[in-house]
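For the numbering used here, count along the sequence shown from 1 and bump the result up by 1.
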Amino acid sequence: MSTTNQTTTNRSTMAADEIEIPLGPDGKPIDPLTDHEYDGIREYDNPTPGWWWLIFVITIAFSAFYVVFWHASAYGWSIEESWASAQRRDFIRVFGKVGTLEPTEATILESQNNEQFMTIARATFIGNCAACHASDGGGQVGPNLCDDNFKSVRSVEDIYKAITEGAAAGSMPAWNTRLSQNQRVILAAYVATLRGTTPASPKAPEGDVIPPFPKTPPAGATKPEQQRADAR
Ligand code: HEC
2 MSTTNQTTTN RSTMAADEIE IPLGPDGKPI DPLTDHEYDG IREYDNPTPG
52 WWWLIFVITI AFSAFYVVFW HASAYGWSIE ESWASAQRRD FIRVFGKVGT
102 LEPTEATILE SQNNEQFMTI ARATFIGNCA ACHASDGGGQ VGPNLCDDNF
152 KSVRSVEDIY KAITEGAAAG SMPAWNTRLS QNQRVILAAY VATLRGTTPA
202 SPKAPEGDVI PPFPKTPPAG ATKPEQQRAD AR
């Protein structure tokens, strides 16, 4: 195959004798050995390529920026914050079009036909009410909202009132400072739709059986935005 590399030290000449280093046309080894040896084990001198080093250094530099930006600066944001601001933007987008929803029976019932309202209300319910009423409304600390028995509620407006003012000296908290009027109106609409559904583990009925809530008007002509736009 090839001759030994004369320019290397004795030790590496010896090793090169045994390993047979291939030489290029200029007489220099194509793949030179490094000059260290451990228990007879030697290695070729193959440095990592420049582009690899560049990426390595850039990632280290980037990690410093990343840590400072996301964990130590006022400019970074968390997933919770971006969710909250997306939700705020969505409220503004949705509610900006409808103006203020009044807590009347008609508006509450009409809101049940608005899919977007019901999606927002469901998320609000899961986030604020599920702790006491269970995520499906079956009840825990708070009463079951799916059965026909109610303590203070007799109408859909009463649901709004219970949410707004709270009940039982605060064991049902008042939400007027924590949720906007629109949120409370569509939440009342959503809670009314829970009645008659079958929760996973229903709490025993509390209060009196009350007459059914009025039927939701058919979808279409009843969208609150539509009605408001017509009224202008
Ligand atoms: C800290 C626990 C708790 C939370 C959170 C809570 N509730 Fe309640 N809720 C109760 C209790 C307890 C009652 C029963 C009050 C009473 O005895 O009149 C109640 C009653 C109600 C009622 C009236 C039920 C009836 O039988 O008359 C409605 C409607 C209601 N809650 C809706 C909600 C909604 C919507 C939310 C979220 C915005 C919510 N609650 C959050 C504990 C809670």
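We put the beta carbon where it would ideally sit given N, CA and C, even for glycine.
Give the straight-line distance between the Cα atoms of Thr120 and Val95, rounded to the nearest whole angstrom. Numbered from 1 along the sequence shown, position 119 holds the residue referred to as residue 120. Numbered from 1 along the sequence shown, position 94 holds the residue referred to as residue 95. Computed Cα separation, rounded: 11 Å.
Grab me the residues of Cys133's own chain with a C-beta within less than 7 Å of its C-beta, minus the 5 sequence neighbours each way, in chain order. Working through the sequence shown from its first residue, we reach residue 133 at position 132. Cβ within range, chain order: Gln141, Val142 and Gly143.
Looking only at its chain, what residues have a beta carbon closer than 7 Å to the beta carbon of Gln117, apart from the 5 residues adjacent to it on each side? Along the sequence shown, read from residue 1 onward, the residue named residue 117 stands at position 116. The residues are Val95.
Around the Cβ of Tyr76, are there at least 16 other Cβ atoms within 10 angstroms (buried) or fewer (exposed)? As a position in the sequence shown, residue 76 is number 75, starting the count at 1. With fewer than 16 other Cβ atoms within 10 Å, it is exposed.
Measure how close the beta-carbons of Phe126 and Leu188 come, nearest whole angstrom, since I'm counting them as under 8 Å. In the sequence shown, counting from the first residue as 1, residue 126 sits at position 125. In the sequence shown, counting from the first residue as 1, residue 188 sits at position 187. Yes, they are in contact, since the Cβ atoms of Phe126 and Leu188 sit about 6 Å apart, within 8 Å.
I need the DSSP call for Val192, collapsed to helix, strand or coil. In the sequence shown, residue 192 corresponds to position 191, counting from 1. Reduced to three states, the DSSP call for Val192 is helix.
Closest to Asn114 by C-alpha separation, out of Ala193, Gln182, Phe70 and Ser136, would be which residue? If you number the sequence shown from 1, residue 114 lands on position 113. Comparing Cα-Cα distances from Asn114 to each of Ala193, Gln182, Phe70 and Ser136, the minimum goes to Ala193.
State yes or no: is the C-beta of Pro212 nearer than 7 Å to some heavy atom of ligand 1? On the sequence shown, position 211 is the one that residue 212 refers to. The answer is no for Pro212.
Classify Phe66: buried if its beta carbon has 16 or more other beta carbons within 10 angstroms, exposed otherwise. Along the sequence shown, read from residue 1 onward, the residue named residue 66 stands at position 65. When all chains shown are included, Phe66 counts as exposed.
Please work out which residues of its chain come closer than 7 Å, Cβ to Cβ, to Asn150, disregarding the five sequence neighbours upstream and downstream, and give them in chain order. The residue you call residue 150 lines up with position 149 of the sequence shown. If we look at Asn150 and ignore the five residues flanking it on each side, its Cβ neighbours are Pro206, Glu207, Gly208, Asp209 and Val210.
With a 10 Å radius around its C-beta and 16 neighbouring C-beta atoms as the bar for buried, classify Thr49 as buried or exposed. The sequence position of residue 49 within the sequence shown is 48, counting from 1. With fewer than 16 other Cβ atoms within 10 Å, it is exposed.
Within 8 Å, strictly: CB atoms of Val186 and Leu110: Counted from its first residue, the sequence shown places residue 186 at position 185. Counted from its first residue, the sequence shown places residue 110 at position 109. Going by C-beta atoms, Val186 is not nearer than 8 Å to Leu110.
Which value, in whole angstroms, describes the spacing of the CA atoms of Ala222 and Thr108? As a working note, residue 222 is residue 221 in the sequence shown. As a working note, residue 108 is residue 107 in the sequence shown. Legend: pLDDT at Ala222 = 48, less than 50; position of this residue unreliable, no value from coordinates given.
Is the beta carbon of Glu106 sitting closer than 8 Å to the one on Glu166? In the sequence shown, counting from the first residue as 1, residue 106 sits at position 105. In the sequence shown, counting from the first residue as 1, residue 166 sits at position 165. For Glu106 and Glu166, no; Cβs fall outside 8 Å.
Give me the Cα-Cα distance between Lys216 and Gly197, rounded to the nearest whole angstrom. Locating residue 216 in the sequence shown gives position 215, where the first residue counts as 1. Locating residue 197 in the sequence shown gives position 196, where the first residue counts as 1. Going by the C-alpha atoms only, they are around 13 Å apart.
Would you mind stating whether Asn129 and Lys204 have Cβ atoms separated by less than 8 Å? Residue mapping note: residue 129 aligns to position 128 of the sequence shown, counting from 1. Residue mapping note: residue 204 aligns to position 203 of the sequence shown, counting from 1. Contact: no.
Considering Asn129, what are the terminal residues of the alpha helix (DSSP H) in which it resides? For the purposes of this step, residue 129 is taken as residue 128 along the sequence shown, with counting starting at 1. Element bounds for Asn129: Glu116 to Asn129.
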